Amino acid sequence: MEKPQLSLLVIKHLGAVLLALGTTSAFAAESQLLENALSCKLKDSELPALMRQLASQQPAFAKPSQQYGAPSADVYRLAKPVSVLGYSSAEVVVTPGRILLAVPGEPIGKAIGKLKLQEEAYSPARREVRPTVNVVAFQLSHKTLENKLLVGCEYQHGEAARWVQS
C-alpha cells in the first residue's frame with residue numbers, strides 16, 4: 002500500500018514543480034515584451050498592439066497611475082522591477098513614440114557615457130539602433146518624474162506616437 006501513496010506524492014510534487022515552471026515562464030514571457038520594447042528590439046509590426054498586449058499581460062498597464070500633459074506622459078508602476086540597458090526600475094513612462102524606465106537619482110551625464118549616447122540641443126541624448134529607432138535618455142520636470150533619468154527607446158513611427166492614453 003505504500004507504493005500508491007508514494008506515487009501520489011511524486012505526482013503531487015511533479016505537478017507543483019510544473020506549475021511553478023509555468024508561472025515562471027509566463028512571467029518571463031510577460032516581461033520579455035516589455036524588455037524588448039524598452040531596449041529597442043521591437044519590430045515595426047509589433048508597435049500598433051504594444052500597449053494593448055502589455056495591458057493584457059500585466060495589470061499595471063491597464064491604466065496609468067499618473068498622466069501628464071505638455072509634454073504628454075503616462076506613468077505605470079509595476080509590481081516587480083524590470084531591468085534593461087543596465088538600469089532597473091518598477092516605474093515605466095510612456096510618451097508619444099517612447100517607452101522608458103524612470104530611474105531615480107541617476108545623472109544624465111553618466112547615462113550618456115554608459116550608453117554611448119550623443120547629446121543634441123533641445124532633444125534627448127540618443128544613439129541610433131536603426132534609422133527609425135533610438136536608445137534615448139533625458140529628464141522631464143513633471144512632479145513625480147523630477148530627479149529621475151528616463152532611459153529607454155524611441156520609435157519614430159506613427160503607431161508608436163499613439164501609445165499615450167487620452
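Okay, so the sequence shown: first residue is 2 according to this note's numbering, each after it adds one. The beta-carbon is built from N, C-alpha and C at its ideal position, and this holds for glycine as well. All values derive from a computational prediction rather than experimental measurement.
Which of helix, strand or coil DSSP assigns to Q119
As a working note, residue 119 is residue 118 in the sequence shown. Three-state DSSP puts Q119 in a strand.
DSSP state of A29, grouped into three classes?
In the sequence shown, the residue the question calls residue 29 occupies position 28. Confidence at A29 is low in this model, with a pLDDT of 48, below 50, so its placement is unreliable and no value can be given for it.
Pull up the distance between the alpha-carbon of H158 and that of R99, whole angstroms please.
By 1-based counting over the sequence shown, the position of residue 158 is 157. By 1-based counting over the sequence shown, the position of residue 99 is 98. Near 10 Å, if we compare the C-alpha coordinates of R99 and H158.
The region 57-73 / the region 116-123 touching (three or more Cβ pairs under 8 Å):
no
Looking at the structure shown, is G153 part of a helix, part of a strand, or coil, going by DSSP?
As a position in the sequence shown, residue 153 is number 152, starting the count at 1. Three-state DSSP puts G153 in a strand.
Quick check on this structure: which residue in R127, E47, S32, V152 has the alpha carbon closest to the alpha carbon of A103?
Residue 103 sits at position 102 when you count from the first residue of the sequence shown. Cα-wise, what sits closest to A103 is V152.
Nearest-angstrom beta carbon gap, L141 and P72 [assumed within contact, 8 Å]
To locate residue 72, count along the sequence shown from 1; it is residue 71. To locate residue 141, count along the sequence shown from 1; it is residue 140. Yes, P72 and L141 are in contact; Cβ-Cβ is about 7 Å, under 8 Å.
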